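> Going line by line, the protein sequences match chains D and Y.
So in this note's numbering, the last spot in the first sequence is 153, and the numbers never skip.
So in this note's numbering, the last spot in the second sequence is 153, and the numbers never skip.
Please see the structure below; I have some questions.
2 protein chains.
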Amino acid sequence: MADGENDKLVLERFLPYRLSFLTNVISRKLARLYSEQFDITPHEWKVLANLSRHPNISAAKTGEKTAMDKVAVSRAIKGLCDKGLVHKVFSSEDRRRSVLNLTKKGGDIYHQIEPLVIEYENSLRDILSQEEQNQLDRLLSKLTTHVGG
Amino acid sequence: MADGENDKLVLERFLPYRLSFLTNVISRKLARLYSEQFDITPHEWKVLANLSRHPNISAAKTGEKTAMDKVAVSRAIKGLCDKGLVHKVFSSEDRRRSVLNLTKKGGDIYHQIEPLVIEYENSLRDILSQEEQNQLDRLLSKLTTHVGG
DNA sequence: TTATTATAGTTACATATGAAACTTATTTCA
DNA sequence: TGAAATAAGTTTCATATGTAACTATAATAA
């Protein structure tokens, strides 16, 4: 560190901000795919997608799977129930625990949105060569495991 | 796409969510470096850092440089002025335009935080080999230019 | 038992954020 | 000129978010 370059903060090169900028742009574009047409928030979409893959799950489990905190999960579920996209009952074995499922309507809407979202991810990946995609997956995994939850 | 794997959404593998998760963890840790000791918000820190590098700048230019919207910039500047870290006057040539500078106190605090932040970035980069760091910089640049601001 | 502790989920409160409206100053150009 | 359009910043309002407090249920253990 003799050149006096690495001990000055330059926002344009600062890794956390570069990551954050890219992520924000991508998240905004992604959200537009379901927020406008379907009036679904990002949290709601995440819960919906997770319920599609993992039916009969509780709110707490949903939080684990999606890395959302329990308040965000609770609100997303409330929103989805109000819109008739999710059905909630409480478990008869443990009446604290909810049992969640997509309704018919929820499933229908999910299957309308899913291809749009997958297409968007593909459009992102297509910016990169196959080699670069592998690098990206690897780097994300490595960083994510090391920064700790 | 014949194997039926790439046409189902799996949150754990979905690029925007992996990016978002990593970014959120990093942003939270970064914010802790200045929020607790110095009572500075992320927006305020960003403006502070930018002013250190670009003195005598307006709020609008600050917004351009930091990719923040003008409301966030306005609020950050108000917070920094209230804390006595930034000095604001309006330009005599164009009295709509502000001219911003760090105060002595602002500069002092900035120079206390800067090494902590740089150290944190280094600790992130040190997770990766030099080769991987180059890959990451390259991938971020490529994705960022292609997703469009 | 029954008192204690822990868990699932919700609610309340305080703060953060973004979009649109607004104020003031400057520029444009009929 | 001076009316209309534009630009810089601020304020307002509606919504989003996170922390902590709260309710209800279940598990633990004395």
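Ideal Cβ positions, reconstructed from N, Cα and C, are used throughout, including at glycine.
Here the structure is a predicted model, which is why all the values come from computation and not from measurement.
Less than 9 Å separating the beta-carbons of residue 102/Y and residue 127/Y?
No. Outside cutoff.
> Could you pull out every unbroken alpha helix (DSSP H) segment of at least 4 residues lying fully inside the stretch 27-95 of chain Y, listed in chain order?
You should have 46-57, 63-70 and 74-86.
> I'd like to confirm the pairing. Which residues does DSSP put opposite residue 154/D in its beta bridges?
Here chain D covers residues 5 to 153 and nothing more, so residue 154/D does not appear.
> Quick check: what's the CA-CA separation for residue 95/D versus residue 21/Y?
In a straight line, the C-alpha of residue 95/D is about 30 Å away from that of residue 21/Y.
> Return the residue from the list 75/D, 13/D, 26/D and 19/D that minimises the CA-CA distance to residue 151/Y.
Among 75/D, 13/D, 26/D and 19/D, the Cα nearest to that of residue 151/Y is on 26/D.
> On a Cα-Cα basis, can you pick out the residue from 113/D, 92/D and 43/D that is closest to residue 100/D?
When only C-alpha atoms are compared, the closest one is 92/D.
> In chain Y, what lies closer than 8 Å to residue 131/D by C-beta?
Residues of chain Y passing the Cβ test: 146, 147, 150 and 151.
> For residue 85/Y, which residues of its own chain have a beta-carbon under 6 Å away from its beta-carbon, when the five flanking residues on both sides are left out?
Closer than 6 Å at Cβ, skipping near neighbours: 92.
> According to DSSP, simplified to helix, strand and coil, what is residue 131/D?
Here residue 131/D sits in coil by DSSP.
> Strictly under 9 Å for the Cβ-Cβ distance: is residue 53/Y near chain D by that measure?
Yes, because at least one Cβ of chain D sits closer than 9 Å to the Cβ of residue 53/Y.
> In whole angstroms, what separates the C-alpha of residue 104/D from that of residue 147/D?
About 33 Å.
> For residue 148/Y, which of helix, strand or coil comes out of DSSP?
It is helical.
> Rounded to whole angstroms, what is the Cα-Cα separation between residue 28/D and residue 98/Y?
Going by the C-alpha atoms only, they are around 33 Å apart.
> What does the alpha-carbon distance come out to for the pair residue 136/D and residue 132/Y?
Each residue's alpha carbon lies about 16 Å from the other.
> Interface residues of chain D around residue 121/Y at Cβ under 9 Å?
Ordered by position in chain D, the residues that pass the 9 Å Cβ test against residue 121/Y are 13, 18 and 20.
> What is the DSSP secondary structure of residue 12/Y, counted as helix, strand or coil?
It is coil, neither helix nor strand.
> Using a Cβ-Cβ cutoff of less than 7 Å, which residues in the same chain neighbour residue 8/Y once the five nearest sequence positions on both sides are dropped?
Note that residue 8/Y has pLDDT 47, beneath the 50 cutoff, so the model's placement of it is unreliable and the number below is only indicative. Result list for residue 8/Y: empty, nothing under 7 Å.
> Counting only the same chain and skipping the five closest in sequence on each side, list residues whose C-beta sits under 6 Å from that of residue 49/Y.
For residue 49/Y, where only same-chain residues beyond five positions count, the Cβ hits under 6 Å are 38.
> If contact means a Cβ-Cβ distance below 9 Å, which residues of the stretch 28-40 of chain Y contact chain D?
Residues 28, 29, 30, 31, 33 and 34.
> Answer yes or no: does any C-beta atom of chain Y fall closer than 9 Å to that of residue 25/D?
Cβ-Cβ to chain Y under 9 Å: yes for residue 25/D.
> Using 8 Å for Cβ pairs, my map puts residue 121/Y next to residue 13/D. What's the rounded Cβ distance?
Indeed, because the Cβ distance is near 6 Å, the residues count as touching under 8 Å.
> Check whether the Cβ of residue 99/Y lies closer than 9 Å to any Cβ atom in chain D.
False, the Cβ-Cβ gap to chain D never drops below 9 Å.
> Mapping the DSSP letters down to three states, classify residue 25/D as helix, strand or coil.
It is helical.
> If contact means a Cβ-Cβ distance below 8 Å, which residues of the stretch 60-88 of chain Y contact chain D?
If the cut-off is 8 Å between Cβ atoms, the stretch 60-88 of chain Y has 69, 70 and 71 near chain D.
> Under 9 Å, do residue 47/D and residue 80/D count as touching if we go by C-beta distance?
Cβ distance < 9 Å, so residue 47/D and residue 80/D count as in contact.
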